[in-house]
Each structure stands twice: as structure tokens, then as C-alpha cells.
Amino acid sequence: MSWMPQFKYRLRTLFRRSVVERDMAAEMRAHLEMQEQVNRAAGMSPDEARFAAQRQFGHLDGIKETVRDQCGWVWLEQLWKDFRFAARSLRKSPGFTAVALLTLALGIGVNTAVFSIINNLFFQPLPVRDPGSLVVVAARTPVSSLLRGYEYPNYLDLRAQVDAFSDLMAYSTAPIDLAASGVEPDRTYAAVVTGNFFSFFGVPAARGRLFLPGEGQEIGADPILVLSNAYWQQHFGGDPSVVGRSVNVNGHPYIVVGIAPATFTGTQAGLSANVFLPVTMTGDLMTNGAQLLQARAGMPLKVMGRLKPGVSLDQAQAEVATVVERIARTYPKESVGGTPLVIREQRTRPDPGFTEFMPLISKVFMGLVGLVLLIACANVANLMFLRATVRRREMTLRSALGASRWQLCRQLLAESFLLAATASAVGLVLGYWGASWLVRFVSSATPLALVGASWDWRVFLFAAAMALLAGLLTGLMPALKVSRVDLQTSLKQGGVALSAASRHPFRSILVVSQVAVSLVVLVCGGVFLRSLQHVSPQFLGFRTDHLLMATFDLGLHGYNPDRAGRFQQQLLEKARALPGVEAATLGTFVPFALYSSLNVAVPEGKTVRGIQDMTVTPYGLVAPDFVQAMGMTLLRGRDFSTQDKTGAPMVAIINEEMAAQFWPGQDPLGKRCYVGGPPALEVVGVVRTGRYMMVGEAASPFILQPLAQSYDKTPLTLYLRTQGDPAALIPDVRNLVQALDPALPLYNVETMDRHLNDGLLALLPLRTGAALAVLQGLFALVLVVMGLYGVVSFVASQRTREIGIRLALGAQKGDVLRLVLGDGLKLTLAGVAIGAVLSLALIRVLPRILYGLAAGSSPVMLAAGLLLTGIALLACWIPARRATRVNPVEILKAE
Amino acid sequence: MTKEKTDLLQGTLDMLILKALQLEPMHGFGISVRIRQISDEVLQVEQGSLYPALYRLEDQGWIKSEWGTSDNNRKAKFYSLTASGRRQLESETANWAKLSAAINLVLKGARGAASPKL
Numbered sequence: 014m015s016w017m018p019q020f021k022y023r024l025r026t027l028f029r030r031s032v033v034e035r036d037m038a039a040e041m042r043a044h045l046e047m048q049e050q051v052n053r054a055a056g057m058s059p060d061e062a063r064f065a066a067q068r069q070f071g072h073l074d075g076i077k078e079t080v081r082d083q084c085g086w087v088w089l090e091q092l093w094k095d096f097r098f099a100a101r102s103l104r105k106s107p108g109f110t111a112v113a114l115l116t117l118a119l120g121i122g123v124n125t126a127v128f129s130i131i132n133n134l135f136f137q138p139l140p141v142r143d144p145g146s147l148v149v150v151a152a153r154t155p156v157s158s159l160l161r162g163y164e165y166p167n168y169l170d171l172r173a174q175v176d177a178f179s180d181l182m183a184y185s186t187a188p189i190d191l192a193a194s195g196v197e198p199d200r201t202y203a204a205v206v207t208g209n210f211f212s213f214f215g216v217p218a219a220r221g222r223l224f225l226p227g228e229g230q231e232i233g234a235d236p237i238l239v240l241s242n243a244y245w246q247q248h249f250g251g252d253p254s255v256v257g258r259s260v261n262v263n264g265h266p267y268i269v270v271g272i273a274p275a276t277f278t279g280t281q282a283g284l285s286a287n288v289f290l291p292v293t294m295t296g297d298l299m300t301n302g303a304q305l306l307q308a309r310a311g312m313p314l315k316v317m318g319r320l321k322p323g324v325s326l327d328q329a330q331a332e333v334a335t336v337v338e339r340i341a342r343t344y345p346k347e348s349v350g351g352t353p354l355v356i357r358e359q360r361t362r363p364d365p366g367f368t369e370f371m372p373l374i375s376k377v378f379m380g381l382v383g384l385v386l387l388i389a390c391a392n393v394a395n396l397m398f399l400r401a402t403v404r405r406r407e408m409t410l411r412s413a414l415g416a417s418r419w420q421l422c423r424q425l426l427a428e429s430f431l432l433a434a435t436a437s438a439v440g441l442v443l444g445y446w447g448a449s450w451l452v453r454f455v456s457s458a459t460p461l462a463l464v465g466a467s468w469d470w471r472v473f474l475f476a477a478a479m480a481l482l483a484g485l486l487t488g489l490m491p492a493l494k495v496s497r498v499d500l501q502t503s504l505k506q507g508g509v510a511l512s513a514a515s516r517h518p519f520r521s522i523l524v525v526s527q528v529a530v531s532l533v534v535l536v537c538g539g540v541f542l543r544s545l546q547h548v549s550p551q552f553l554g555f556r557t558d559h560l561l562m563a564t565f566d567l568g569l570h571g572y573n574p575d576r577a578g579r580f581q582q583q584l585l586e587k588a589r590a591l592p593g594v595e596a597a598t599l600g601t602f603v604p605f606a607l608y609s610s611l612n613v614a615v616p617e618g619k620t621v622r623g624i625q626d627m628t629v630t631p632y633g634l635v636a637p638d639f640v641q642a643m644g645m646t647l648l649r650g651r652d653f654s655t656q657d658k659t660g661a662p663m664v665a666i667i668n669e670e671m672a673a674q675f676w677p678g679q680d681p682l683g684k685r686c687y688v689g690g691p692p693a694l695e696v697v698g699v700v701r702t703g704r705y706m707m708v709g710e711a712a713s714p715f716i717l718q719p720l721a722q723s724y725d726k727t728p729l730t731l732y733l734r735t736q737g738d739p740a741a742l743i744p745d746v747r748n749l750v751q752a753l754d755p756a757l758p759l760y761n762v763e764t765m766d767r768h769l770n771d772g773l774l775a776l777l778p779l780r781t782g783a784a785l786a787v788l789q790g791l792f793a794l795v796l797v798v799m800g801l802y803g804v805v806s807f808v809a810s811q812r813t814r815e816i817g818i819r820l821a822l823g824a825q826k827g828d829v830l831r832l833v834l835g836d837g838l839k840l841t842l843a844g845v846a847i848g849a850v851l852s853l854a855l856i857r858v859l860p861r862i863l864y865g866l867a868a869g870s871s872p873v874m875l876a877a878g879l880l881l882t883g884i885a886l887l888a889c890w891i892p893a894r895r896a897t898r899v900n901p902v903e904i905l906k907a908e
Numbered sequence: 002m003t004k005e006k007t008d009l010l011q012g013t014l015d016m017l018i019l020k021a022l023q024l025e026p027m028h029g030f031g032i033s034v035r036i037r038q039i040s041d042e043v044l045q046v047e048q049g050s051l052y053p054a055l056y057r058l059e060d061q062g063w064i065k066s067e068w069g070t071s072d073n074n075r076k077a078k079f080y081s082l083t084a085s086g087r088r089q090l091e092s093e094t095a096n097w098a099k100l101s102a103a104i105n106l107v108l109k110g111a112r113g114a115a116s117p118k119l
């Protein structure tokens, strides 16, 4: 404990400064007095005694200073002084401080936002018992880069025979339609899990019970389900009487046995499950589900295990390999092969299948946002540089008064670190908003993803690291550069500046690169905007206004073709009778849907040796009058009618592109082609080519077939062309479907305009891209203006003397103007040239969302270049004007 | 702990202060007088070195200070050795003994070895 008094002493010197100072003064005074007394005792007069004592003692304040300097906290005190000084000098230039702060805060904010999401996804343990022992068991197969799980029978063998795990569990997810009396039928996602699921995770029931040991063992024996807490709250209003009630899953009765606790969101971090069903009930969830479940090579489930304490991953992997090998020997025909892997659960997020990619993807993403921070830092560094050069006089003076280079550096660094730290705090707030916006955005785009942002110590640590990095990046270069004060030349102050570029290569490079980057960003924004303008009914191939859509899934409810046909018939009739409906139709095709149906087509008479001879095309089965109701342009032939039914000749409507590909230069009407297989379909109509899967796709073939001639089990979408606001009809449509089948949920109920604007494959990326790019472009523009203004005005002020002499020798104002503007213009044009090359390259490799839309990018580039140059000239104009007002007489007098 | 082996002067002053405090607590003035007395007026401790040294030793935790009253009823700050200060004094004394013995040996040896050659 001997350090305790020492520690207390040190704390006292740190925090009780004034007491220590007073003590020190009193102590030395006492010493002086004692000396004085001794001197007097030796026979000196009082005055003499005092002076002698003082002489003997030496310089009082000097001693105090020495004492202070050797105290353990000098460095802290100096640091504190540096920061206080930095704060004062930042406060003195609020404009600079605000811009620098905001720039850095944005950069850091974006980074923390993304990091908080990555943190949530990858670093948070699952909220279950002993999450550290969870592992995923999967196989790497030669056929796919995604990891593969194990089929149910194989899982059962693994569970029985592998000794390394205390338990194994398997699950998958499936879309289901859930209906109950008193609530709207709903299409949602279920986790389809083995019976031991909840006991495996050690999760207790919030209400009712979870699966019992005997349940989920026998195929088809347990029509029971557990609801997630969130789903229970949302769809059943938290009604406790739901437990024990019968609900309808895809038309089959199920009993709700319990509610899972609120903290438990499912098996996978980042993926929410609303309903939990026993895997043995797969028969109700998909066609031939029961047989598929029992096949050894068919439907792999994701398998998770709990490592026994003390068992290593390698041991477990070896044991799994042994059992898998035994299974493969016993069932050679059904073996899929592959190398078994046992991976820690945290390393398999967000999906065990993607294990190999996710680290890469998140690295790339983090790298991209890191770039944003770098750009922000470069901008702020330039600002710091500008500021530091303006303060060169101050630096010189300090240096002349004895400040060392390190002290000057430290002062500048203190400013940049103070800025970065404050920006980091602001950035945390911005990041918090940004993250919650991103989370909302992602979860609305992909309903399955449970994206969250976790704000824990990791995020704060990250923000602190960002602040350090930003402080160093923004401060180091300017500090090193500016602190190299050459007293001789600076004090003489006669420096004849040559030109901006030769005097300040570093800053000139920064300005040039800023101009280049902002040109690229502006061009991007412009291209995005132009692309958006480009989107019209003509371009898309159908009318998006006054169109309502609603999807339902008859196949999931076990409708046979007859029953489905009757349902469709009735629905269409009733929908057409709704007030305000101009036309109604049905189709399996939904433009820009997340999952588009595709088919392969071959013109009759073409020899097909393999898939390479077939054409993959977006495809739809549609009800009569589809072309007319969707507002597609029929170029030739006719629309489908009620006559196109089973027994009638098989027909198809294709688009122009397909006609051109299949029968170039010929009349496509009456030609025949195979779609998916025989029999051949006769082309009865040709529509104008539109966009089908993505707004930015290249012109693609498209084929429609009458629904009545080819029933299949994919979901159907009802389209209503309305007179008024289509959204007003949503309740009517819901009632109508409810009346026909109370258990059938409607989903994706929205207007086509909204679907188009907010669709991930439609305009959303373009709109977001445009907004971000334009915003960034403007931001970059502001920085360019400030950077250029800074460089040019600084150089101009350095050349005041030269300009004065030129004017005295008879130079005209115009000459001076040209001289100064030339400096700025050179930098701008260099930047524009580099930026143009970069944006050309970027436009060429921009993702396919811009395909076919980026054609008109050269006018955009021209406009952006002109805008940039114009604004840059304006930024140089002010210092140039100032330079022309130089009074030669004053300048010469000052010499 | 022993950080100033190289700086003989400073280390020596520290040692002298510790030694002066070995018997009883003392104030700064007393320490300087004591050192002068023990060394037969040979060693004069400058106040400019004494006080920084005292604060340094206290920072190291080898001595501690307390306000008290001096012989002639004056308020003064009294320094006393701490346990670790006592240990430090012992080790420094031992080191010093070794060092001075070694230096003595060298000085004697050098004289002895050099003379035959002359």
C-alpha cells in the first residue's frame, strides 16, 4: 500500500493547485525568516539580515518555477493550456470553425452510423443462454459458394451421433399466410424449427408455453405455433386470450400455444422471425413439404449446435466429418457431398450461407464510408492549412519569442484535435439519427431483415478512434508545414511570391483534387437526375398513375386449378363493379418486384442444344385485358380475351425486343415459340418494349401468357385502373377479398406510383443516389469555393508589392485582374480536367441501375464543368478585384 | 525506483536529504543547516536545488510533509522519511559505499600501476 500516500500527494498537486502554491510560498517565507533570524543572531542589522537571507536563498519565483516544472503533471497542464488556447483561437474565427466542424461531424457521423449497424449485426451476442458456445454446422460444397446446411434426416443422425455438442438444432424460414378471427389475414415469415428449438436456446415462454419435449418429433403431428412478442403486439394487440386460440396457417388450423419473450427475436442476429412452427409441419407450408423434409438430399436446414465445454471447433468439425462420411457411405445415391464446417455463431452473421462474403462486404462498405471521412479530413486539412498560412505572422512572432517548433506544432495540433473531438461528439448525434433513418429505410425495403443499431461502448470507442484519426489527419501536415518558420525570411517579410502552385504545392494539390472530386460528384448527381427525368410511361412500357395493386397467394392455401379459376373470376367481376374502377386485371407479373418470375423461350424451328440457345425472359401469366388495363402500348395484334382459355389455341403476347430477337425483319404475328417447354404458343400481340425487372435494365424480351391456359402456384397480383386516387380503394379491395376467402391475406397493397418510387429495384436507388449526390455535390462546391478563395486571396496578398510595382510601371487594372484570376483558373481547369476523366471512367463502370439511362451524360458533364468553372472564377474574382485596388503610391512609400 | 544513478550530483543531494531526515523530521531550513554542519561546512546546499529536490522526493513518495511549529514557535513545514524512503536511503547508502570504494580502488590502483612505468 506504499503507493497510496504518493498517489494522494499527486492527486493533491493536480486538483488542489492553489493550496499547494500557498504551502510552497509559506514554506519558503518561513525559510527566509529563519535565515534572517540566524543572520541577526550573527550580528547583522535587521535590514542587512533580510537582504542577506534573500541573497542566500536566491530567486524565489525561479525556484517555484523549477518545482512546478518537475511536478508529475506538467505535461497535463501544458496540454490543458494548449487546448484552452486552441479553443480561444477557434472561437475567434467562428466561420472557419463551423465549416470545419460540420465537415468533420458529417464524415464521422456517417461512419458511426454504419458502424453502429455493423456493431449490432456482428458484435452483439444473441440474447440467449450462453451465446458463446453456439456454433453453426454447415458444409462447403463444390457447386456453390454459399454454405449448405443439412437435411432433416441427416440432422437427426448428426444430433444422435456427434458427441462434441451438448445439443443440435435445425431451422429454416418460410413465408406463411396467417389468419385468425378478428384480425386481418397476414402474410409473414415463419421460423420453421425443430422441437428442441426453445430449450436449445434456453428461452422461457413469456406467456403460455413453448414446444414440449414430445412435440415436433413426428411428421405432421403437431399443428401448434408460438408467436414472437413483437408480432403478438402488432397483430393481436397483445391480447392474452390469443394463447390457446386456433388460428389459420395457409388454410390449416393451428393452436397458438405461447408467446416468446420480447428479447428473443429469433435464431439469427439481424433476421426477425414472427412465428415459430415445428419443422415437422413443413407439409402445410409448401407443396410436397412432408416428402421434401424426409429426403436426405433435398431441403437443407440450417443447423446450429452448442459446443460442450472444453471441446474445440476442430474437434467438433472432425466428429461431424466422421458422421457425415458414414451417412454418405450408407446413402451413396443421396449424398450431396461437401466438407463439414463448424463455425462460431458470431462469425456466421447475418446468414450462415453468406459466411464467406459478409466480412468482405462489410469491409468494402466500411471502406467506402471511410473514404467519406478521408475526403472530409482532406477538406478540413486544407482549411487548417489556409488558416495556418494566414497566421504565419503570428507563428513567426511566437517563434521569434522563443517558441520551439514542437510548441508551434503542438498548438496547431491542439486545434485540430479539439475540432475533431467536438466534431466526433456532434457526429455521434448525427450518426444516431442517421442510423435510425438507415434502419427504418432498410427494414421497409426488406421486411425480413431485423436491422438495428447498437449504441454501446464499442460505438463510443469507435467515435473516439475516429476523432484521433481525424485530428491527426487534419492537423499533422499543416502543423509540420507551417511550423517550419524561417525567421530570417519571414521577419524580413519581403518574400516575392511566384505563383500559387509553386509556392504551395500541397494546398494546390488539395484544391485541384477538390475541384476534381466535386466535378465527379456533380456529374453523378446530374446523371441521376437526368435518369429520373427519363423515366416516363413510354420508357417503362406501362402507365403507373391511377393504378392500385394487391397480391395474394392461392398456391399456399392449396387451391386447385378449378377453385383458383373460380376465385379469380369472381374477384375480377366484383373488382370491376367497384365504383371508380375503370379496369381490373390479374397477373403473376409485377414490375420491379424483389422476386421476378423468369422463363426461357425459344422460337419454333430453332435447334436447341442447351441453355445457351434459349432466351431468358421476364414472364407473366395474366388475365384478359391485361395490356389495356396496365396501359401498355399494343403495337400489333390483340390483347388477351376471355376466349383464351383451356382448350383454345395456346397464345402469347411478346414485346418488340423479343420480336426483333426472334424474328428479325419479319412479322411476328402468327409466329410460334416455346415458353418453358411444349406446346408452342402462337404470338397474337406485340407491345412496346418497357422495363420489367429493374428500371435501369437494358431493353429485354418480355412474354405474357393467358392465366386461364396455364395455372401455376405463384402469387397473383390484382391490378385496378382507377378514376380517382387509387389508394382510396384499398379498404374496398380488402373487404372484397375477405368476403371471398377470410383466411387469404393481401400483401404489397399499394399504388403503382408508390411502388415505383420506393421500390428497391425501381426508382429508390436513383432517387436516393440523386439526393445524396446533389447534396454532396453542393457541399463539395462550397468547399471548392472556399479552398480556391483561400489560395487565391492568400497568393494575391503576398503579391501586393509586386502588383503595386506593376501598376506603377503602367499595368492596367485588367492586367492585374488577369494575373490573379489566372492563378485560380489554372488550378480550376486542372481539377476539371482530372475530374472529367474520372467521371467518364465512373459513368462507364456505374452499376446497372444506370444502364441505358446514362447515355446523355456528356451534356451533364459539360454543364457541371461550366458550373464549376464559373463558380470558381467567381471565388477568385473577389481577391482579384481587391488586388486591382492596390494603391501603388502607398506600396512604394511603404518600401 | 532508482532512477537517477547517472546523475551523480542530483542523486547525491537526494541521498544527503534522506540522510539528514533519518533521525527526526525537519523543515527545509533545518535540512540545509544540518547538511552543512555534518559536512563540516564543506557542502553548501543551494535553496534553488533544495526545494525542487524536496518536492521531487515527496512526489516519489520517499518523504512526507506536515505543518508544525519550529523551535522558536514559528510555523514550518516538516519533512519526515516514509518507509519506502528509509529503504531508499539504505540502498543508496549501500550503492554509495560500493561506488566510492570502487572509485578509491581505481584511484589507488592507477597510481600503483602507473608508477613502475615511469
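Those protein sequence lines, which keep their order, are chains A and B.
My numbering runs 13 ahead of the 1-based position in the first sequence.
My numbering runs 1 ahead of the 1-based position in the second sequence.
All C-beta atoms, glycine included, are put in the ideal place defined by N, C-alpha and C.
Non-local C-beta neighbours of A:R200 in its own chain, meaning closer than 6 Å and more than five positions away in sequence, comprise D190, P758, Y760, ordered along the chain. Annotated as proximal: A:C422 and A:S496, with beta-carbon spacing under 7 Å.
Take the alpha-carbon of A:A341 and the one of A:S348: they are about 5 Å apart. For A:I237, the enclosing beta strand (DSSP E) starts and ends at 237-240. Counted as a single uninterrupted DSSP element, the stretch harbouring B:A77 is not any alpha helix (DSSP H) but the beta strand (DSSP E) occupying residues 76-82.
Among the bridge pairs identified by DSSP, A:G221 is matched with A:G271. Identification of residues in the segment 52-74 of chain A having a C-beta nearer than 8 Å to some C-beta of chain B yields Q69, F70, G71, H72, given in sequence order. Remark: three or more beta-carbon pairs, one from each stretch, lie closer than 8 Å, so the segment 839-848 of chain A and the segment 523-533 of chain A are flagged as touching.
Measuring C-alpha to C-alpha distances from B:L58 to each of B:A95, B:N105, B:L44, B:Q89 identifies B:Q89 as the nearest. The beta carbons of A:A596 and A:R734 sit closer together than 7 Å. Neighbourhood of A:R23 in chain B, by CB distance below 8 Å: D60, in chain order.
DSSP, read as helix, strand or coil, puts A:V899 in coil. Ranked by Cα distance from A:G690, the first of A:P616, A:Y445, A:F28, A:A99 is A:P616. Look at B:R35: its C-beta is not under 7 Å from any C-beta on chain A. Taking C-beta separations shorter than 6 Å and ignoring five residues to either side along the sequence, the partners of A:A809 in its chain run V833, P892, A896, following chain order. In the three-state DSSP reduction, A:P739 falls in the helix class (H, G or I). Under DSSP, A:L290 takes part in a beta bridge, and its partners are A:V205.
Residue contact with chain A for B:Q89: absent (no Cβ-Cβ distance below 7 Å to any residue of chain A).
The distance from the Cβ of A:R651 to that of A:V697 is about 6 Å, consistent with a contact at the 8 Å cut-off.
A:M765: member of the alpha helix (DSSP H) spanning 765-771, first to last residue. For A:A672, the uninterrupted alpha helix (DSSP H) run begins and ends at 669-675, by DSSP. In chain order, A43 make up the part of chain A whose C-beta sits under 7 Å from the C-beta of B:A77.
Residue contact with chain B for A:I76: present (Cβ-Cβ distance below 7 Å to some residue of chain B).
Here A:V442 carries a helix assignment [DSSP, helix/strand/coil].
For the pair of segments examined, the segment 475-492 of chain A was found not to touch the segment 144-155 of chain A: the number of CB pairs separated by less than 8 Å stays below three. Shown here, A:I232 sits in coil according to DSSP, grouped into three states, outside any helix or strand. Separation of A:S713 and A:R685 (C-alpha to C-alpha, rounded to the nearest whole angstrom) is 19 Å. The count of Cβ pairs closer than 8 Å, one atom from the segment 569-579 of chain A and one from the segment 201-209 of chain A, stays below three, leaving the stretches out of contact. Proximity of A:Q83 to chain B, defined by a Cβ-Cβ separation below 7 Å, is satisfied. For a Cβ distance threshold of 8 Å, residue set I76, T79, V80, Q83 of chain A lies close to B:P53, ordered along the chain. Taking all protein chains shown into account, A:N301 has fewer than 16 neighbouring C-beta atoms within 10 Å of its C-beta and is therefore exposed. Taking every protein chain shown into account, the CB of A:D828 has fewer than 16 other CB atoms within 10 angstroms, so this residue is exposed. Collapsing the DSSP output to three states places A:L191 in a strand. Identification of chain A residues near B:G29 by a Cβ-Cβ cut-off of 7 Å yields E40, H44, ordered along the chain.
In this structure, the alpha-carbon of A:L425 lies about 50 Å from that of B:R35.
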